[in-house]
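S.K.:
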Amino acid sequence: MSDFSLLMTHGVFHLFAALITLCSVLVVMSKHPVKSAVFLVVDLFLLAGLYATLDSHFVAAIQVLVYAGAIVVLFLFVIMLLNLQPEQLRGLKFSAVEAGTLVISLVGFLITVVATFKGDQTGLGDGSLDPVAIEAAGGNTYVVAMKLLTNYIWPFELASVLILMAIVAAVVIAKKDKKKTSAPIS
Amino acid sequence: MGLTADEFTIQFIATLVKFAIVAGLLLQIPPVMVWVERRVPAMMQRRKGPNRVGIFKWRIYGLMQSLADTIKLIFKEEVVPEGAQKAFYHLAPVFSVFPAFLIAMAIPYGPDIHAFGTTIPLSIIRVDVGFLFIFAVSSLAVYGVTIAGWASNNKYSLLGSLRASAQMISYEIPLGMSLIPIVLIYGTLDLNKIVEAQSHFWKWGVFLSPVSFLLFLIAMFAETNRAPFDLAEAEGELVAGFHTEYTSAKFAAFFLGEYVSMFVLSCLASTVFFGGWQVPFFSVQKLDDLTGFIGVSALIGHVTLMLKATFFMWLYIWVRWTIPRFRYDQLMSLGWKYMIPLGLVNVVVTAVVIAAFRFS
Numbered sequence: 307m308s309d310f311s312l313l314m315t316h317g318v319f320h321l322f323a324a325l326i327t328l329c330s331v332l333v334v335m336s337k338h339p340v341k342s343a344v345f346l347v348v349d350l351f352l353l354a355g356l357y358a359t360l361d362s363h364f365v366a367a368i369q370v371l372v373y374a375g376a377i378v379v380l381f382l383f384v385i386m387l388l389n390l391q392p393e394q395l396r397g398l399k400f401s402a403v404e405a406g407t408l409v410i411s412l413v414g415f416l417i418t419v420v421a422t423f424k425g426d427q428t429g430l431g432d433g434s435l436d437p438v439a440i441e442a443a444g445g446n447t448y449v450v451a452m453k454l455l456t457n458y459i460w461p462f463e464l465a466s467v468l469i470l471m472a473i474v475a476a477v478v479i480a481k482k483d484k485k486k487t488s489a490p491i492s
Numbered sequence: 034m035g036l037t038a039d040e041f042t043i044q045f046i047a048t049l050v051k052f053a054i055v056a057g058l059l060l061q062i063p064p065v066m067v068w069v070e071r072r073v074p075a076m077m078q079r080r081k082g083p084n085r086v087g088i089f090k091w092r093i094y095g096l097m098q099s100l101a102d103t104i105k106l107i108f109k110e111e112v113v114p115e116g117a118q119k120a121f122y123h124l125a126p127v128f129s130v131f132p133a134f135l136i137a138m139a140i141p142y143g144p145d146i147h148a149f150g151t152t153i154p155l156s157i158i159r160v161d162v163g164f165l166f167i168f169a170v171s172s173l174a175v176y177g178v179t180i181a182g183w184a185s186n187n188k189y190s191l192l193g194s195l196r197a198s199a200q201m202i203s204y205e206i207p208l209g210m211s212l213i214p215i216v217l218i219y220g221t222l223d224l225n226k227i228v229e230a231q232s233h234f235w236k237w238g239v240f241l242s243p244v245s246f247l248l249f250l251i252a253m254f255a256e257t258n259r260a261p262f263d264l265a266e267a268e269g270e271l272v273a274g275f276h277t278e279y280t281s282a283k284f285a286a287f288f289l290g291e292y293v294s295m296f297v298l299s300c301l302a303s304t305v306f307f308g309g310w311q312v313p314f315f316s317v318q319k320l321d322d323l324t325g326f327i328g329v330s331a332l333i334g335h336v337t338l339m340l341k342a343t344f345f346m347w348l349y350i351w352v353r354w355t356i357p358r359f360r361y362d363q364l365m366s367l368g369w370k371y372m373i374p375l376g377l378v379n380v381v382v383t384a385v386v387i388a389a390f391r392f393s
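Those sequence lines, one after another, are chains A and B.
Using my numbering, the first residue of the first sequence is number 307, and each one after it goes up by one.
Using my numbering, the first residue of the second sequence is number 34, and each one after it goes up by one.
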């Protein structure tokens, strides 16, 4: 690789990293929920750009397709349909016990997953996953598919259980809130 | 990646040139298509259509009508509605144009040029996951519509944008599903390799997977919100849908986004199902050696792809003036109850057939 293209790669990385940090801060800081959602889209899109600079085109494409293209669209739908205003959101809190339970259960689940698969060979670090080796092994998509559907099939399936847990938790929290105060009809 | 400094310079300049050509091409599409969209129905309905505006005494079939329309659109007064979310209102047209242009960068416009000691691919972004790239970026097109409708602070806009975005999300699934058999058949996600695999006429995607082509064609119309699925701008019910409150150049930007995404999907349909830049019964890549000029094959290949894409663009208009608009529930039941199950069956059958061939 020439010095110039190396410089370009580094420059792009630092530019993207700075922009991602900026957007992430703006997601949290924005008063308006729609603004937060839009910054989140930009954030996820730039993150995909970062993956692309690492020559992981497959992960980059999936990142945009799943997160920026599907999940945040649903966020945006919900925000727009409920027409949440900045004032209404200020009162939205849940107690320390609930938050603690949620965090502990999620972390516990992660530790279980990590502990179960700790002994397994990761394939990282032994040089088998650098761009040139991947290209020789049949390309990005092929290598990811082979790893994901053989070595990592259980973590992959368990991750979907984790997401399901998060969805159920979110529904429980949202439902409980509705009972106390009747939903505003605008 | 392993490029020398000279090769890097050549690739850099080539990318700039390719970018200028493609961007110029894409910007010419809306004006020409607006003219076609008025002349073709006029032809179908035995009217004349706009045939007067020309340069001095040359009328050139009224083609300059588009120029007049564009100038009129740009110089009109811009009205921003009271109570609109200003920042999002101004950003929404950008959100709708940007994905369309980005997808256009991944289409292989012709065979590789072997010149100056290096290989210049005729697509601006050459990635080995071209397919996924296109889907990923096209899934971002929803934001333009959603945000435009919401930020305008108008109930017709909001209803139109909800319809349009629900439709786009629903039809993204059959669109993606229709192309899985193609990926299975050719065994690659690289668009250029798919085109190269279609070198033989009977190996074109449309012959190997006709059901996929049918699903893709229907989903293509729905993705671009074109008739008979243009419910988002059903003028009898919703004024003009998500762009009701837009005027002047921002309104034109939505036009640009719509026509460019139509063109890009036409290119994709030609690339995946009709051999892309391949000429039937003739090897384009041999042209360089036959004529002795570098780039002849690229030129012929490019013209071939453009002709194929033109057919699909014409099909858009043909269908628009032939089939009446669907009702919203019909649209949703067609998408979810017929196209997605058919797509799933198509994927399974294709996979089984390929597996049977491989292990027999």
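Glycine included, C-beta positions come from ideal geometry on N, C-alpha and C.
Determine the burial state of Ile459/A: buried for a count of at least 16 other Cβ atoms within 10 Å of its Cβ, exposed for fewer.
M.R.: Locating residue 459/A in the first sequence gives position 153, where the first residue counts as 1. With fewer than 16 Cβ atoms within 10 Å of its Cβ, Ile459/A is classed as exposed.
S.K.: Report yes if the C-beta distance between Ser185/B and Ala285/B is below 8 Å; otherwise report no.
M.R.: As a position in the second sequence, residue 185/B is number 152, starting the count at 1. As a position in the second sequence, residue 285/B is number 252, starting the count at 1. Not a contact, by the Cβ cut-off of 8 Å.
S.K.: Alpha carbon to alpha carbon, what distance is there between Thr37/B and Val445/B?
M.R.: Residue 445/B lies beyond the range of chain B shown here (34 to 393); nothing can be said about it.
S.K.: Anyone know if the C-beta pair for Ile167/B and Ala139/B falls short of 8 Å?
M.R.: On the second sequence, position 134 is the one that residue 167/B refers to. On the second sequence, position 106 is the one that residue 139/B refers to. Yes. Within cutoff.
S.K.: Going by DSSP, which residues form a beta bridge with Ala181/B?
M.R.: As a working note, residue 181/B is residue 148 in the second sequence. According to DSSP, Ala181/B bridges with nothing at all.
S.K.: So is Glu463/A buried or exposed if we call it buried at 16+ other beta carbons inside 10 Å?
M.R.: Reading the first sequence from its first residue, position 157 is the one you call residue 463/A. Exposed: under 16 other Cβ atoms inside 10 Å.
S.K.: Please report whether the beta-carbon of Ala324/A lies at a distance below 8 Å from any beta-carbon of chain B.
M.R.: Taking the first residue of the first sequence as position 1, residue 324/A is located at position 18. Taking Cβ atoms only, chain B never reaches closer than 8 Å to Ala324/A, which makes this a no.
S.K.: Does DSSP put Gly429/A in a helix, a strand or coil?
M.R.: Position 123 of the first sequence, counting from 1, holds the residue named residue 429/A. Here the model assigns Gly429/A a pLDDT of 49, short of 50, so the residue's position is not dependable, and the following value carries that caveat. DSSP places Gly429/A in coil when its eight states are reduced to three.
S.K.: Distance cutoff 8 Å, beta carbons only. Does Thr383/B sit that close to anything in chain A?
M.R.: Here residue 383/B refers to the residue found at position 350 of the second sequence. Not an interface residue.
S.K.: Is the distance from the Cβ of Ala169/B to the Cβ of Ala133/B below 8 Å?
M.R.: Here the question's residue 169/B lines up with position 136 in the second sequence. Here the question's residue 133/B lines up with position 100 in the second sequence. For Ala169/B and Ala133/B, no; Cβs fall outside 8 Å.
S.K.: My output table needs one value for Ile153/B: the three-state DSSP class, helix, strand or coil.
M.R.: Here residue 153/B is taken as the residue at index 120 of the second sequence, counted from 1. If DSSP states are grouped into helix, strand and coil, Ile153/B belongs with the strands.
S.K.: For chain A, find out if any of its Cβ atoms is closer than 8 Å to the Cβ of Val183/B; answer yes or no.
M.R.: Numbered from 1 along the second sequence, position 150 holds the residue referred to as residue 183/B. A quick correction: the sequence has Trp, not Val, at residue 183/B. So, interface residue.
S.K.: Are the Cβ atoms of Gln200/B and Leu59/B separated by less than 8 Å?
M.R.: The residue given as residue 200/B occupies position 167 in the second sequence. The residue given as residue 59/B occupies position 26 in the second sequence. No, the Cβ-Cβ distance between Gln200/B and Leu59/B is not below 8 Å.
S.K.: Pull up the distance between the alpha-carbon of Met97/B and that of Asn225/B, whole angstroms please.
M.R.: Stepping through the second sequence from its first residue, residue 97/B is reached at position 64. Stepping through the second sequence from its first residue, residue 225/B is reached at position 192. Each residue's Cα considered, the two are about 36 Å apart.
S.K.: Using only CA atoms, which one of Lys453/A, Thr456/A, Val467/A, Gly445/A lies nearest to Gly220/B?
M.R.: Counting from one through the second sequence, the residue named residue 220/B turns up at place 187. Measuring from the Cα of Gly220/B, the nearest candidate turns out to be Gly445/A.
S.K.: At a CB-CB cut-off below 7 Å, which residues of chain B make contact with Ile367/A?
M.R.: Taking the first residue of the first sequence as 1, we reach residue 367/A at position 61. Looking at the sequence itself, residue 367/A is Ala, so the reference to Ile does not match. Per Cβ cutoff of 7 Å: Val162, Leu165, Phe166, Ala169.
S.K.: Just the chain A side, please: which residues come within less than 8 Å of Phe249/B by C-beta, in chain order?
M.R.: Along the second sequence, read from residue 1 onward, the residue named residue 249/B stands at position 216. Within chain A, no residue comes near Phe249/B; the closest Cβ sits about 17 Å away, beyond 8 Å.
S.K.: Could you check the C-alpha separation between Val380/B and Lys370/B for me, to the nearest Å?
M.R.: Within the second sequence, numbered from 1, the residue matching residue 380/B stands at position 347. Within the second sequence, numbered from 1, the residue matching residue 370/B stands at position 337. Distance between the alpha carbons of Val380/B and Lys370/B is about 16 Å.
S.K.: Mind pulling the alpha helix (DSSP H) runs of 4 or more residues that sit fully within the region 106-162 of chain B?
M.R.: If we require 4 residues or more, the alpha helix (DSSP H) runs fully inside the region 106-162 of chain B come out as 119-137.
S.K.: For His123/B and Lys188/B, I'd like the C-alpha separation in whole angstroms.
M.R.: For the purposes of this step, residue 123/B is identified with residue 90 of the second sequence, where counting begins at 1. For the purposes of this step, residue 188/B is identified with residue 155 of the second sequence, where counting begins at 1. Taking the straight line joining both Cα atoms gives about 18 Å.
S.K.: Considering only the beta carbon of each residue, do Gly193/B and Gly182/B sit closer than 8 Å?
M.R.: By 1-based counting over the second sequence, the position of residue 193/B is 160. By 1-based counting over the second sequence, the position of residue 182/B is 149. Yes, these two residues count as a Cβ contact at 8 Å.
S.K.: List the residues of chain A whose Cβ lies closer than 7 Å to the Cβ of Val175/B, in chain order.
M.R.: Stepping through the second sequence from its first residue, residue 175/B is reached at position 142. Simply Val379.
S.K.: For the alpha helix (DSSP H) containing Gly406/A, list its first residue and its last residue.
M.R.: As a first step, residue 406/A must be located in the first sequence, where it is residue number 100. It spans 402-422 - the alpha helix (DSSP H) in which Gly406/A sits, taken as one unbroken run.
S.K.: With a threshold of 6 Å on Cβ separation, who are the neighbours of Gln231/B within its own chain once the five nearest residues in sequence on each side are excluded?
M.R.: For the purposes of this step, residue 231/B is taken as residue 198 along the second sequence, with counting starting at 1. The residues are Trp237, Gly308, Gln311.
S.K.: Expressed to the nearest angstrom, what Euclidean distance is found between the alpha-carbon atoms of Leu380/A and Pro144/B?
M.R.: Numbered from 1 along the first sequence, position 74 holds the residue referred to as residue 380/A. Numbered from 1 along the second sequence, position 111 holds the residue referred to as residue 144/B. So the two alpha carbons sit approximately 40 Å from each other.
S.K.: Name, going along the chain, the residues of the region 349-374 of chain A whose beta-carbon falls closer than 9 Å to a beta-carbon of chain B.
M.R.: The region 349-374 of chain A vs chain B, Cβ under 9 Å: Phe351, Ala354, Ala358, Asp361, His363, Phe364, Ala366, Ala367, Ile368, Gln369, Val370, Leu371, Val372, Ala374.
S.K.: Count the other CB atoms, across all protein chains shown, that sit within 10 Å of the CB of Gly274/B; report buried if there are 16 or more and exposed otherwise.
M.R.: Indexing the second sequence from 1 puts residue 274/B at position 241. With 16 or more Cβ atoms within 10 Å of its Cβ, Gly274/B is classed as buried.
S.K.: Going by the DSSP bridge assignment, what does Trp91/B pair with across the sheet?
M.R.: Position 58 of the second sequence, counted from the first residue, corresponds to residue 91/B. Answer is Ile88/B.
S.K.: With 8 Å as the threshold, decide whether the Cβ of Thr337/B is near any Cβ in chain A.
M.R.: Residue 337/B sits at position 304 when you count from the first residue of the second sequence. It does not; no Cβ of chain A falls within 8 Å.
S.K.: Any Cβ of chain A within less than 8 Å of the Cβ of Phe52/B?
M.R.: Along the second sequence, one-based indexing puts residue 52/B at 19. Cβ-Cβ to chain A under 8 Å: no for Phe52/B.
S.K.: Measuring only between beta-carbons, confirm whether Phe246/B sits less than 8 Å from chain C.
M.R.: Of the protein chains in the structure, A and B, none is chain C.
S.K.: Say the cut is 7 Å; is the CB of Thr422/A nearer than that to a heavy atom of the ligand GDP?
M.R.: Of the ligands one can find in the structure shown there are none, so the ligand GDP has no counterpart to examine.
S.K.: Could you name the residues of chain B that Leu382/A contacts, counting a contact when the two beta carbons are closer than 7 Å?
M.R.: Looking up residue 382/A in the first sequence gives position 76. By Cβ distance, chain B contributes Thr179.
S.K.: Taking the alpha-carbon of Ile206/B as reference, which of Val372/A, Val334/A, Val318/A has the nearest alpha-carbon?
M.R.: As a position in the second sequence, residue 206/B is number 173, starting the count at 1. Residue Val372/A is the option with its Cα nearest to Ile206/B.
S.K.: Whose C-alpha, out of Leu191/B, Pro261/B, Leu49/B, Phe249/B, is nearest the C-alpha of Ile215/B?
M.R.: If you number the second sequence from 1, residue 215/B lands on position 182. Considering only alpha carbons, the answer is Phe249/B.
S.K.: When you compare the CB of Ile157/B with every CB in chain A, is at least one pair closer than 8 Å?
M.R.: To locate residue 157/B, count along the second sequence from 1; it is residue 124. Ile157/B does not count as touching chain A.
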